[in-house]
Amino acid sequence: AQRVTQPEKLLSVFKGAPVELKCNYSYSGSPELFWYVQYSRQRLQLLLRHISRESIKGFTADLNKGETSFHLKKPFAQEEDSAMYYCALRPGAQKLVFGQGTRLTINP
Amino acid sequence: GAGVSQTPSNKVTEKGKYVELRCDPISGHTALYWYRQSLGQGPEFLIYFQGTGAADDSGLPNDRFFAVRPEGSVSTLKIQRTERGDSAVYLCASSSEGGRTEAFFGQGTRLTVV
């Protein structure tokens, strides 16, 4: 079965502190993993994908096949990072399988 | 150009009624997806179109749900005999080729069945 688990529904950190949003997946093949973000009153948008190996808005995520994880990290949180974050798996070439999301709140 | 557009943004309907939700993808995008997002959950796949045909409809929950894309552009999600459990945000996304290209999401239609 294909499944994405985000164990934290809510995460609150102070501005300037490090952030880590956890994501674990279940998939027997070679996965393609993504992080999507939804800011308040905005549409869902792609933040980053594992194949790009890039840093977007200071966020990075490393695919760990041994631990089947794709955690999202940022060394110094900013208030504008407050949003809903979804980890997603694309098992084939088409649909996305999403986790239930983590609401990140950055406190001033 | 404009992004993915969904209409209406909000729809309230009575249990048992029929509803249609519309999605206008980004111009030129051949792949179109419908997802459903229930409260407190992530989006859940419903159906995927490549051009005019439904390439994967495995996510449609039952035969009350149907979607069309007759000219390979605009798509309509149709729900018959609505139930209170159908209340959710329905999201549409499109991508230039499907496959490994980025999917762009619309703002969603919030459906409330009373």
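These protein sequence lines map, in sequence, to chains V and D. The opening residue of the first sequence carries number 146 in the numbering used here; numbering runs sequentially from there. The opening residue of the second sequence carries number -9 in the numbering used here; numbering runs sequentially from there. Backbone N, C-alpha and C fix where the C-beta goes; we use that ideal spot for every residue, glycine too.
Across the structure, D/G98 and D/S(-1) are spaced so that their CA atoms are roughly 6 angstroms apart. A Cβ-Cβ distance of about 16 angstroms is found for the pair V/L189 and V/F204, leaving them out of contact under the 8 angstroms criterion. Taking the CA atoms as reference points, V/I196 sits about 15 angstroms from V/L241. D/D46 carries a strand assignment under DSSP once its states are collapsed to helix, strand and coil. Residue state for V/E165 is assigned as strand, using DSSP reduced to three classes. Listed by position along chain V, the residues whose Cβ is nearer than 8 angstroms to that of D/L81 are L189. Look at V/L241: its C-beta is under 8 angstroms from a C-beta on chain D. Residues of the stretch 223 to 234 of chain V with a Cβ closer than 8 angstroms to any Cβ of chain D, in chain order: Y231 and A233. Annotation: the continuous beta strand (DSSP E) that includes D/D14 extends over V9 to D14. Beta-bridge pairing by DSSP links V/V182 to V/Q190 and V/Y230. For the pair D/F35 and V/R148, the Cα-to-Cα distance works out to about 12 angstroms.
With a beta-carbon spacing of about 6 angstroms, D/S65 and D/F39 fall inside the 8 angstroms limit used to define contacts. Per DSSP, the continuous beta strand (DSSP E) segment holding V/R248 begins and ends at T247 to N252. Contacts between V/G244 and chain D, judged by CB atoms closer than 7 angstroms, involve G32 in chain order. Spanning the alpha carbons of V/S214 and D/G62 requires a straight line of approximately 37 angstroms. DSSP, reduced to helix, strand and coil, places D/R90 outside both helices and strands of the structure shown, so it counts as coil.
For the C-beta of D/D47, not a single chain V residue is nearer than 9 angstroms; the gap to the nearest is close to 11 angstroms. Straight through space, the alpha carbons of D/S77 and D/Y8 are spaced by roughly 13 angstroms. Rounded to the nearest angstrom, the gap between the Cα atoms of V/L208 and D/G30 is 26 angstroms.
Using a Cβ-Cβ cut-off of 7 angstroms, D/G96 is close to R188 of chain V, given in chain order.
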